[in-house]
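Enquirer: In the numbering used here, the protein residues as written are 7 to 457. Ideal Cβ placement from N, Cα and C applies to all residues, glycine included. Here it is, the structure, as structure tokens.
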């Protein structure tokens, strides 16, 4: 995957606005003798044996289609002890792989020069028990498992899925056209998703959700990654302690969407950062009949996910959206909205600041920044010159307060606008402010098409 390159002028603009940006780090006998005191009687002296501990190096298990000790990844994983490495030669493996909760610190590594050379194929894939495989790799409760340099595609559920874990590494992975999620972490503490790509998912390419509450939080990181042609680029229900940085979200229905819902434990979505990302052209209308991507039922219903939006803060607390480049999203660049039916999903203490918005790229968002004004302590400041704020019934200074005086009041005009928008499906596109985009190397906008 290519690293994100910014034109020098834009990079300078971000630095001028934001100043120094701090990013979360990716990583992370002596023997005794006795003599008898009585005449000729001596007590036996005993020495404790000092046994040297053997340091055994974790075994590497090699997988290939023919001529290796293992012809399937699952067989190698089944034979692996904690800390072992499963090494996979290039090829296509039509199987789903499960890692048991006893296999902490297992490493599963593709040996190709790029992730596309080692492919887990979901069409026709089976689990070891003969049932259809739902996931490419499913880590069920093991801690510190690493997955590197692999592609997982066309699975009925997810590409790479970890749950109930303490730490994980997903690095240089590709997830394509899995039904639900690409890289998916659920009920985990800490972890990294880096240098990876996700496309064609019915929910999101990257997901970190139901993060347990922690007194001394362990951070989760998404960085140097790319999401396109998904319902959502990033989604995280009740996600916490997450940093999303130096990544690219484009041609999704919406780009980055942390959220709070009743469907998962540990509300709300808390203490996150979205910083130094490219978030653009998120105008994918997946409701259209010709769409190759079909949204999961959770994305549709009485209220639908918003399309045409770069960043969605839905019921978040203490999220900082800072120093991102946000442009060419035909409805809103960055939106903030609470759920009036669920108190934990009330936006609180979020900051939207130092972002470079559409005008700076000659590629306007429909409106750069939108809120319905609910919640408390939310603020907007120091976004780029010419940034536009969607007007409500209140003066702009009250609807979008600065961070030194963040007093919020719900705005009935804005509330009515978002309610009307979210009850539409394919028709959301009718209110978009469409225009041609300046070209970008190796990128083609979808702009409402079904993909």
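What residue range does the alpha helix (DSSP H) around residue 80 cover?
Expert: Segment 79-85, the alpha helix (DSSP H) holding residue 80.
Enquirer: Can you give me the C-alpha to C-alpha distance between residue 116 and residue 108, rounded to a whole angstrom?
Expert: Whole-angstrom Cα-Cα distance: 22 angstroms.
Enquirer: Looking at residue 341 and residue 303, is the spacing between their C-beta atoms short of 9 angstroms?
Expert: Not a contact, by the Cβ cut-off of 9 angstroms.
Enquirer: Under 9 angstroms between the Cβ atoms of residue 173 and residue 106?
Expert: Against a cut-off of 9 angstroms, the Cβ pair of residue 106 and residue 173 comes out as no contact.
Enquirer: Which one or two residues does DSSP pair with residue 429 in a beta bridge?
Expert: According to DSSP, residue 429 bridges with nothing at all.
Enquirer: If I measure Cβ to Cβ from residue 218 and keep anything under 7 angstroms in the same chain, skipping five residues before and after, which residues do I get?
Expert: Within the same chain, residue 218 has close Cβ partners 193, 195 and 272.
Enquirer: For residue 410, does the three-state DSSP call read helix, strand or coil?
Expert: Of the three classes helix, strand and coil, the one that applies to residue 410 here is coil, per DSSP.
Enquirer: Which of the three DSSP states, helix, strand or coil, is assigned to residue 124?
Expert: Strand at residue 124.
Enquirer: What three-state label does DSSP hand residue 219 in the structure shown?
Expert: Coil.
Enquirer: Threshold first: 3 residues or longer. Then list the beta strand (DSSP E) segments lying entirely within the segment 281-347, N to C.
Expert: Taking only runs of at least 3 residues, the beta strand (DSSP E) segments lying wholly in the segment 281-347 are 284-286, 315-320, 322-328, 331-333 and 338-343.
Enquirer: Note down the Cα distance separating residue 113 from residue 350, rounded to an integer number of angstroms.
Expert: C-alpha separation (whole angstroms): 38 angstroms.
Enquirer: Taking the alpha-carbon positions, what's the residue 354 to residue 297 distance?
Expert: Each residue's Cα considered, the two are about 36 angstroms apart.
Enquirer: Taking the alpha carbon of residue 199 as the point to measure from, which residue in 456, 216, 180 and 175 has its own alpha carbon closest?
Expert: Nearest C-alpha to residue 199: 175.
Enquirer: Beta-carbon separation of residue 320 and residue 263 under 9 angstroms?
Expert: Yes, these two residues count as a Cβ contact at 9 angstroms.
Enquirer: Determine the direct distance from the alpha carbon of residue 270 to that of residue 390, and round the result to whole angstroms.
Expert: Residue 390 and residue 270: Cα-Cα distance of roughly 36 angstroms.
Enquirer: Where does residue 77 land, buried or exposed, given buried means 16+ other C-beta within 10 angstroms?
Expert: Exposed is the call here.
Enquirer: Taking contact to mean at least 3 C-beta pairs separated by less than 8 angstroms, is the segment 281-299 in contact with the segment 415-423?
Expert: Too few Cβ pairs lie closer than 8 angstroms, so no.
Enquirer: Touch check for the segment 89-107 and the segment 127-138: three-plus C-beta pairs under 8 angstroms?
Expert: Contact between the segment 89-107 and the segment 127-138 is present, because at least three Cβ pairs lie under 8 angstroms.
Enquirer: With DSSP run on the structure shown, which of helix, strand or coil describes residue 140?
Expert: Three-state result, residue 140: coil.
Enquirer: Are residue 444 and residue 369 closer than 9 angstroms when you measure CB to CB?
Expert: Closer than 9 angstroms, so yes.
Enquirer: Do you know whose CA, among 230, 215 and 158, lies nearest residue 206's CA?
Expert: If we check each option's Cα against that of residue 206, 158 comes out closest.
Enquirer: Which one or two residues does DSSP pair with residue 234 in a beta bridge?
Expert: Bridge partners of residue 234: 205 and 256.
Enquirer: At the level of alpha carbons, what is the spacing between residue 408 and residue 384?
Expert: Approximately 9 angstroms between the Cα atoms of the pair.
Enquirer: Applying the 10 Å Cβ sphere with the 16-neighbour rule, what's the burial state of residue 139?
Expert: Residue 139 is buried by the Cβ-count criterion.
Enquirer: Can residue 261 and residue 239 be called in contact, C-beta distance under 9 angstroms?
Expert: Closer than 9 angstroms, so yes.
Enquirer: In angstroms, rounded to a whole number, what distance separates the CA positions of residue 213 and residue 66?
Expert: Going from the Cα of residue 213 to the Cα of residue 66 covers about 30 angstroms.
Enquirer: Return the residue from the list 397, 291, 257 and 181 that minimises the CA-CA distance to residue 434.
Expert: Comparing Cα-Cα distances from residue 434 to each of 397, 291, 257 and 181, the minimum goes to 291.
Enquirer: Assuming residue 439 contacts residue 336 (C-beta within less than 8 angstroms), just tell me the rounded distance between them.
Expert: About 6 angstroms; that satisfies the 8 angstroms criterion.
Enquirer: What are the uninterrupted segments assigned as beta strand (DSSP E) that are 3 or more residues long and contained completely in the segment 353-426, given in chain order?
Expert: Fully enclosed beta strand (DSSP E) runs of 3 or longer: 357-359, 373-377 and 385-387.
Enquirer: For residue 264, does the three-state DSSP call read helix, strand or coil?
Expert: The answer is strand: DSSP assigns residue 264 an E or B state.
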